[in-house]
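For the sequence shown, position 69 matches number 69 in full-length UniProt numbering, and the numbering has no gaps at all.
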Amino acid sequence: MTPLRLGYLYGLGAYLLWGFFPLYLKLLRPAGPLEILAHRIVWSVVFVALLLGALRNVGFLRALLRRPWAVAGIVVAAALIAINWGTYIYGVNSDRVVETALGYFINPLVVVLLGVTVLRERLRPAQWVALGIGASAVAVLTVDYGRLPWLALTLAFSFAGYGLVKKRLGLPAAEGLFVESAVLALPALGYLAWLTRRAESTFGHVSAGHTALLVLAGAATAIPLLLFAGAANRLPLSSLGMIQYLAPILQLGCGVLIFHEPMPPARLAGFALVWLALVVFTADAVRQSRRTRARARAATPRTPVPAP
Numbered sequence: 001m002t003p004l005r006l007g008y009l010y011g012l013g014a015y016l017l018w019g020f021f022p023l024y025l026k027l028l029r030p031a032g033p034l035e036i037l038a039h040r041i042v043w044s045v046v047f048v049a050l051l052l053g054a055l056r057n058v059g060f061l062r063a064l065l066r067r068p069w070a071v072a073g074i075v076v077a078a079a080l081i082a083i084n085w086g087t088y089i090y091g092v093n094s095d096r097v098v099e100t101a102l103g104y105f106i107n108p109l110v111v112v113l114l115g116v117t118v119l120r121e122r123l124r125p126a127q128w129v130a131l132g133i134g135a136s137a138v139a140v141l142t143v144d145y146g147r148l149p150w151l152a153l154t155l156a157f158s159f160a161g162y163g164l165v166k167k168r169l170g171l172p173a174a175e176g177l178f179v180e181s182a183v184l185a186l187p188a189l190g191y192l193a194w195l196t197r198r199a200e201s202t203f204g205h206v207s208a209g210h211t212a213l214l215v216l217a218g219a220a221t222a223i224p225l226l227l228f229a230g231a232a233n234r235l236p237l238s239s240l241g242m243i244q245y246l247a248p249i250l251q252l253g254c255g256v257l258i259f260h261e262p263m264p265p266a267r268l269a270g271f272a273l274v275w276l277a278l279v280v281f282t283a284d285a286v287r288q289s290r291r292t293r294a295r296a297r298a299a300t301p302r303t304p305v306p307a308p
């Protein structure tokens with residue numbers, strides 16, 4: 001199998017798992033969002049530690065501890081991913097899967113916005129158009145909800161910020177997830193101990209299946225991230241950008257078709273504006289990628305063919 005085809009398989013696997021993740025989270029009831037988040041953190045540490053031990057890849061910790069700025073960056077990344085995970089779990093378990101899908105639809109637009117405001121990047125005209133349409137979509141959805149879609153915006157900004165920090169750190173997927181989860185593990189364990197002391201923990205008190213599902217939260221978190229890393233290493237950025245919309249499409253389908261969440265006309269209009277913004281954004285990204293490749297080919301000197 002070629003690396004490109006393997007990259008597509010990894011990418012589809014990651015986004016399919018993320019797309020159907022609301023179905024898994026619903027099975028974790030009656031555990032509350034914070035308890036689910038704490039178990040997700042703790043069992044992620046255990047799962048990735050076992051994986052790194054099997055791969056005999058533990059020496060990276062010593063090198064990392066010699067980089068204090070990297071450690072500080074990991075703490076920031078850990079805080080952002082905890083906010084993202086907690087908000088997502090709360091959204092799913094409060095029957096707002098459609099709004100969580102909106103957050104991941106607008107995430108690429110927030111990434112562009114952070115590029116302008118944080119990295120001082122200059123945008124192309126089409127990117128400005130996409131941002132304008134996205135802002136209009138948020139306005140329409142604010143009118144429909146009667147409030148800002150804060151849950152979607154929190155998901156989009158926390159994940160975009162997490163991606164920005166991770167890009168600066170440049171850590172591999174498994175190692176990065178292990179250190180981030182380890183940073184959060186102590187408060188997560190403290191919270192679980194507090195729940196147990198108050199006799200409010202569901203772990204081991206609902207059913208064997210429920211307990212097993214909480215333990216599997218670590219694998220359910222790590223496996224799609226590792227698949228995504230495999231895809232990112234093998235696919236062009238434009239291809240990866242195209243298939244990233246698979247996850248929110250599936251999440252939206254789960255919300256509307258499986259959980260029967262409402263989709264009134266005004267909300268549908270807001271989503272339509274988001275999709276229009278993404279079409280403009282993606283078309284511009286593909287066009288720019290093609291231009292870049294064409295310039296690279298034109299700049300590559302051709303090897304002269306020897307005369308017969």
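Just so it is clear, CB atoms sit at the ideal spot from N, CA and C, and this is done for glycine as well.
These numbers were taken from a predicted model, which means no experiment stands behind them.
**OP:** Assign residue 107 to one of three DSSP states: helix, strand, or coil.
**Re:** Here residue 107 sits in helix by DSSP.
**OP:** Pull up the distance between the alpha-carbon of residue 13 and that of residue 226, whole angstroms please.
**Re:** Near 10 Å, if we compare the C-alpha coordinates of residue 226 and residue 13.
**OP:** List the whole-angstrom C-beta distance separating residue 74 from residue 200, where the pair is believed to meet the contact cut-off of C-beta under 8 Å.
**Re:** The beta-carbon distance between residue 74 and residue 200, rounded to whole angstroms, is 31 Å. This is too long to meet the 8 Å contact definition.
Original post:
Can at least three beta-carbon pairs, one atom from the region 253–264 and one from the region 29–47, be found at a separation below 8 Å?
Top reply: Proximity of the region 253–264 to the region 29–47 falls short of the contact definition, fewer than three beta-carbon pairs being nearer than 8 Å.
**OP:** Rounded to whole angstroms, what's the CA-CA distance from residue 173 to residue 70? Just pull it up for me.
**Re:** Approximately 15 Å between the Cα atoms of the pair.
Subject >> Stretch pair the region 124–138 + the region 183–202: three plus CB contacts closer than 8 Å >> reply: Three or more Cβ pairs closer than 8 Å define a contact, and the region 124–138 falls short of that threshold against the region 183–202.
**OP:** Mind checking which residues open and close the alpha helix (DSSP H) that includes residue 271?
**Re:** Its alpha helix (DSSP H) spans residues 265–299.
Original post:
Given that a residue counts as buried once 16 or more other Cβ atoms are within 10 Å of its Cβ, and exposed if not, what is residue 120?
Top reply: Exposed, since its Cβ has fewer than 16 Cβ neighbours within 10 Å.
Original post:
Around the Cβ of residue 204, are there at least 16 other Cβ atoms within 10 angstroms (buried) or fewer (exposed)?
Top reply: Looking at its Cβ environment, which holds fewer than 16 other Cβ atoms inside 10 Å, residue 204 is exposed.
**OP:** Using three-state DSSP, classify residue 309 as helix, strand or coil.
**Re:** The question about residue 309 has no answer here: the residues shown for the chain are numbered 1 through 308.
Subject >> Residue from 45, 23, 114, 4 whose Cα sits closest to the Cα of residue 215 >> reply: Nearest option by C-alpha distance: 45.
Subject >> Residues near residue 106 by beta carbon distance below 7 Å, same chain, minus five either side >> reply: Cβ contact annotation for residue 106 (same chain, cutoff 7 Å, sequence separation greater than five): 134, 152, 156, 274, in chain order.
**OP:** Look at the alpha carbon of residue 308 and the alpha carbon of residue 9, and state the distance between them as a whole number of angstroms.
**Re:** With a pLDDT of only 46 at residue 308, under 50, the local geometry of the prediction cannot be trusted, and the value read off the model is given with reservation. When the Cα atoms are used, residue 308 and residue 9 turn out to be separated by approximately 46 Å.
Original post:
For residue 178, which of helix, strand or coil comes out of DSSP?
Top reply: Helix at residue 178.
Original post:
Considering only residues of the same chain and omitting the five flanking positions on each side of residue 130, which have a CB-CB separation below 8 Å?
Top reply: Within the same chain, Cβ atoms closer than 8 Å to the Cβ of residue 130 are found at 109, 112, 277, 278, 280, 281, 284, the five residues on either side in sequence being excluded.
Subject >> Complete runs of the beta strand (DSSP E) confined to the region 87–169 [at least 3 residues] >> reply: The region 87–169 contains no whole beta strand (DSSP E) run of 3 or more residues.
**OP:** Within 10 angstroms of the Cβ of residue 141, are there 16 or more other Cβ atoms? Answer buried if so, exposed if not.
**Re:** Counting Cβ neighbours within 10 Å, residue 141 comes out buried, since at least 16 surround it.
Original post:
Cα separation between residue 268 and residue 143?
Top reply: Taking the CA atoms as reference points, residue 268 sits about 12 Å from residue 143.
Original post:
Are there 16 or more other CB atoms within 10 angstroms of the CB of residue 224, so buried, or fewer, so exposed?
Top reply: If you draw a 10 Å sphere on the C-beta of residue 224, you find 16 or more other C-beta atoms in it, and that means buried.
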